Amino acid sequence: MNEPNKEQQEELKKKHERTKRKLKIIGIIVVVAGLGFTVMGLVDMISSTSKGEMPALFWGLIVGLPMLGIGGMLCLTGFRREITRYMKNESVPVINETGREIAPAVSAIAGAVKDSEGNVCPHCGNPNDENAVFCRHCGGELLVTCPNCKEKVKNGKFCDKCGKPLH
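Oh and the sequence shown: position 18 is 18 in UniProt numbering, straight run, nothing missing.
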């Protein structure tokens with residue numbers, strides 16, 4: 001399927017804007033007319049029932065209420081971009097503020113996880129300071145010798161120097 005060229009895209013954009021303008025205008029007209037019919041029907045119904053008569057213009061409610069709904073939907077469709085932009089502009093500052101407020105907590109959690117995964121003793125499994133050479137709990141050496149390259153590296157699944165498995 002071919003993508004439209006720049007001229008076709010501009011024409012589609014203009015057509016889209018014309019359609020949106022029509023939806024806005026028609027939507028507002030339908031809402032105003034629906035409001036008029038609804039008010040007419042309500043006023044007639046209230047005044048007729050207070051006089052003890054049957055309402056003659058009750059059909060205004062039957063016509064007006066659906067017109068209000070249809071006109072409202074047309075307006076929502078026509079003004080969707082403006083509504084969405086407004087909602088975005090209202091939400092972004094709150095989201096940014098929330099991010100700034102929770103950043104220290106996230107950093108603390110990340111630091112705690114990093115500390116707990118740091119320099120773990122291969123003999124007893126207890127955590128140690130990052131620069132420690134011997135375990136403060138059992139006294140064992142924290143570095144292990146790689147069976148392939150014979151380098152002393154931190155305990156883990158793979159050697160930091162050659163990439164081969166340590167165990």
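C-beta: ideal position from N, C-alpha, C; glycine also.
This one's a predicted model, so the numbers in the text were calculated from it and none came from an experiment.
Quick one: using the 10 Å Cβ neighbour count with 16 as the cut-off for buried, is residue i buried or exposed?
i	result
leucine 74	buried
cysteine 146	buried
valine 39	exposed
glycine 64	buried
methionine 54	exposed
State the DSSP-derived secondary structure class of residue i, mapped to helix, strand or coil.
i	result
proline 55	coil
lysine 154	strand
glutamate 3	coil
asparagine 119	strand
glutamate 130	coil
proline 165	strand
leucine 142	coil
phenylalanine 79	coil
Please report how far the alpha carbon of residue i lies from the alpha carbon of residue j, in whole angstroms.
i	j	result
alanine 108	arginine 100	14 Å
arginine 81	glycine 27	15 Å
phenylalanine 158	proline 104	32 Å
glycine 69	arginine 18	23 Å
tyrosine 86	isoleucine 25	20 Å
lysine 152	isoleucine 102	40 Å
Could you give the C-beta distance for residue i and residue j, rounded to a whole number, given that I count them as a contact under 8 Å?
i	j	result
alanine 33	aspartate 44	Their Cβ separation, rounded to whole angstroms, is 17 Å, which puts alanine 33 and aspartate 44 out of contact at 8 Å.
valine 31	glycine 60	In fact, because the Cβ distance is near 15 Å, the residues do not count as touching under 8 Å.
glycine 156	leucine 142	In fact, because the Cβ distance is near 11 Å, the residues do not count as touching under 8 Å.
asparagine 119	glutamate 130	5 Å
Checklist entry - Taking one C-beta from the segment 120-127 and one from the segment 135-149 each time, how about it: are there three or more such pairs within less than 8 Å? => result As far as the Cβ criterion goes, the segment 120-127 touches the segment 135-149, which means the pair count is three or higher.
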